Amino acid sequence: MSENRFDLIIIGGGPGGYVAAIRAAQLGMKVACVDKRGVPGGTCLNVGCIPSKALLQSSHHYEHAAKEFASHGIQTGSLEMDTATMMARKNKVVMDLTKGIEFLFKKNNVTYFKGAGELVAANQVKVMPLDGSDEQLLCTSNVLIATGSEVAPLPGIEIDEERIVSSTGALSLEQVPGSLVVIGGGVIGLELGSVWRRLGADVTVVEFMDTLLPGMDQDVRKQMQRSMKKQKMKLKLSTKVTAAVTSADGVQLNLESVNTGAVETLQADIVLVAVGRRPYTSGLGLQQVGVALDKRGFIDVDERFKTNVDGIYAVGDVIGGAMLAHKAEEEGVALAEYLAGKPNHVNYAAIPGIVYTWPEVASVGRTEDSLKQDGIAYNVGKFPFSANARARCNGDTEGFVKILADAVSDRVLGVHIVGPHAGDLIAEAVIAIEVGASAEDIARTCHAHPSMAESLKEAAMDVDGRAIHI
Ligand code: FAD
Ligand code: NAD
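Under the working numbering, the first residue of the sequence shown is numbered 5, with each subsequent residue one higher.
Right, dumping it as structure tokens:
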């Protein structure tokens with residue numbers, strides 16, 4: 005096989021692309037991964053999951069030290085925040101992880117091209133190297149498109165990444181803004197709003213819908229609204245931003261109530277636009293090879309991730325569904341295994357979603373609203389962390405575990421957790437849904453004491469009205 009001929013060429017080195025590359029190489033394919041960012045890891049490692057969680061951790065420590073240490077008898081004196089050190093740490097976390105992917109590429113003999121990839125034909129990809137060297141034409145049996153997503157713009161509000169920033173700008177502010185207005189009360193809005201609020205910014209979230217985190221379970225939404233307000237995050241729900249005027253002093257926003265049409269203005273040092281993300285396909289040459297998109301610009305694929313063109317596949321954010329790194333990874337592995345003739349199946353009913361605020365939110369499976377809509381009879385079990393001994397020891401008692409189980413079979417249909425370490429606790433619920441467990445299965449499983457996980461057992465017992473500690 006010539007140097008420039010591959011079994012699989014992957015365009016995009018994010019969680020969908022790089023994981024597919026490694027799995028396909030493990031299965032014996034000759035694989036190339038082309039990414040134009042200059043470092044692998046995509047949005048997630050470079051400007052998404054990882055830097056945001058690094059900053060959430062730093063800001064959590066700061067707030068904890070400022071507000072919680074004294075009750076443990078630890079006197080800190082006055083605290084100072086060194087934003088530059090926090091950012092340097094975040095950058096190092098990102099750099100170490102991206103280097104890790106380059107190492108894994110080498111270990112698995114994945115050829116990594118730093119450059120923009122463009123489809124010239126179903127079996128040919130042109131690479132424009134970032135270092136300005138000559139274009140290369142690569143030949144392949146299969147192409148996987150894993151080019152991810154980009155920030156969705158808000159008409160009339162121009163992102164300059166200085167005063168009006170996207171998540172990328174909000175991950176690199178040099179100092180704590182006096183005031184931050186976040187447009188969009190979704191996942192990014194709450195996570196990055198939390199980072200800067202904890203460090204001292206006056207944060208207002210402007211959300212178009214009448215709730216934060218629309219789409220999540222109703223009890224989660226209510227609890228998170230309470231928790232965010234308690235933390236002094238200001239919420240303007242059912243409100244839209246109609247204009248933004250930037251000056252040397254900051255940004256003036258015009259707001260309009262969705263219900264009454266009443267208008268008001270709001271001044272901010274920094275505005276974060278976080279109203280969703282859209283598929284990224286520009287410059288890929290999709291038109292010239294005839295790959296079809298759906299109405300919203302996502303690449304159309306079948307259940308085996310094949311586009312309408314033979315030999316061209318797509319996974320991750322660019323095909324829509326939950327825009328989550330682990331969903332992209334599952335799809336990448338499945339695609340590699342399909343190509344190798346192996347069975348696989350991505351169980352979309354068992355993909356967890358986590359919001360890394362404090363308290364955290366973690367959900368998997370059906371919400372109460374969706375069960376009602378589909379007329380499915382269900383039982384609810386709920387257990388508050390305030391009744392959990394470990395949560396009391398830790399001083400983290402906000403939130404609950406809620407389990408939705410089929411009224412007839414008792415099968416677990418959905419689990420929603422708001423609380424400390426919800427993002428880790430949800431793994432048990434994901435397995436329950438994956439293996440088709442009943443609430444009774446969880447209720448009869450021994451959980452260590454004292455542990456947060458006991459709340460899952462108690463919520464499962466509550467499905468049958470027999471929780472012990474409430
Ligand atoms: P991406 O990660 O977007 O990777 C696509 C890559 O393709 C990019 O590197 C891009 O440069 C490259 N590319 C595009 N076009 C070309 C081309 N023509 N040639 C070469 N390369 C190209 N998800 C979670 O699960 N957990 C989280 O905690 C989380 N936090 C997030 C926080 C933020 C602030 C953001 C913005 C997102 C977060 N996400 C999180 C979502 C997650 O980042 C995405 O779901 C995930 O990165 C999608 O992976 P992907 O492989 O589909 O695409
Ligand atoms: P999102 O869809 O989570 O939230 C966008 C919010 O903006 C929604 O609440 C929506 O109602 C609101 N909105 C839309 N238009 C508006 C307008 N004109 N004015 C005011 N509000 C408006 O999107 P996001 O927070 O931008 O995140 C993008 C994607 O990144 C998500 O799909 C998410 O899955 C992913 N992400 C995941 C994590 C995580 O897993 N922890 C973290 C960050 C991002």
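Yeah, the Cβ is synthetic: ideal placement off N, Cα and C, and Gly gets one too.
Quick caveat: nothing in here was measured; it's all calculated off a predicted structure.
Under the DSSP assignment, Met85 falls outside any beta strand (DSSP E); it carries neither an H nor an E label. With a cutoff of 7 Å, Glu162 does not count as near ligand 1, since its C-beta is closer than that to no heavy atom of the ligand. Residue pairing by DSSP places Tyr116 opposite Cys37 in a beta bridge. Between the alpha carbons of Pro283 and Glu165 lies a gap of roughly 20 Å. As DSSP reads the structure, Asp410 sits in a beta bridge with Tyr382. Between the alpha carbons of Glu462 and Ala433 lies a gap of roughly 13 Å.
For Arg370, the three-state secondary structure derived from DSSP is coil. Pairwise C-beta distances place the segment 333-345 in contact with the segment 21-33, as three or more of them are shorter than 8 Å. Of all alpha-carbon atoms in Val114, Thr401 and Lys331, the one lying nearest the alpha-carbon of Phe10 is that of Val114. In the displayed model, Gln128 falls within a strand according to three-state DSSP. At least one heavy atom of ligand 1 sits closer than 7 Å to the Cβ of Ser56. One thing to note: Val23 has its Cβ within 8 Å of the Cβ of Glu333. Relative to Lys310, the option among Gln291, Asp321 and Leu343 whose CA is nearest is Leu343. Residue burial annotation: Lys406 is buried, with at least 16 other C-beta atoms found within 10 angstroms of its C-beta. Per DSSP, Asp206 is one residue of the beta strand (DSSP E) stretching across Asp206 to Val210.
Taking the Cβ of Ala354 as the reference point, every heavy atom of ligand 2 lies at 7 Å or farther away.
Exposed is the label assigned to Gln179, since fewer than 16 other Cβ atoms lie within 10 Å of its Cβ. Annotation for His420: the continuous beta strand (DSSP E) segment containing it runs Val416 to Gly423. Taking a contact to require three or more Cβ pairs closer than 8 Å, the segment 94-102 and the segment 253-271 do not qualify as touching. Judged by beta-carbon spacing, Ala150 lies beyond the 8 Å limit of Val35, meaning their Cβ atoms are not closer than that value.
In terms of side-chain proximity, the C-beta atom of Lys94 is found no nearer than 7 Å to any non-hydrogen atom of ligand 1. Glu84 and Gln61 have their C-alpha atoms some 16 Å from each other. Distance from the Cα of Thr285 is smallest, within the candidate group Ala252, Val350 and Ala296, for Ala296.
The count of Cβ pairs closer than 8 Å, one atom from the segment 425-439 and one from the segment 355-365, reaches three, so the stretches are in contact. In the structure shown, Cys53 adopts helical secondary structure according to DSSP, grouped into three states. Ala344 carries a coil assignment under DSSP once its states are collapsed to helix, strand and coil. The beta carbon of Asp400 sits closer than 6 Å to the beta carbons of Pro424 from its chain, once the five residues preceding and following it are set aside; these are given in chain order. Excluding the 5 residues flanking it on each side, Asn312 has same chain C-beta neighbours closer than 6 Å at Ala296, in chain order. Lys238 and Val191 do not touch by the CB rule: their CB atoms are close to 19 Å apart, not below 8 Å. DSSP lists Phe404 as the bridge partner or partners of Pro388. Residue side-chain check: Val337 keeps its Cβ at 7 Å or more from all non-hydrogen atoms of ligand 1. In the DSSP annotation of this structure, the continuous segment of the alpha helix (DSSP H) that includes Asp223 starts and ends at Gln222 to Lys234.
Secondary-structure assignment with DSSP links Tyr317 through a beta bridge to Leu148 and Lys310. Annotation for Asp223 indicates a beta carbon at 7 Å or more from all heavy atoms of ligand 1.
In summary, Ser170 is buried, with 16 or more beta-carbon neighbours lying within 10 Å of its beta-carbon over all protein chains present.
For a cut-off of 8 Å, the C-beta gap from Phe404 to Ile474 is around 10 Å, too long to register as a contact.
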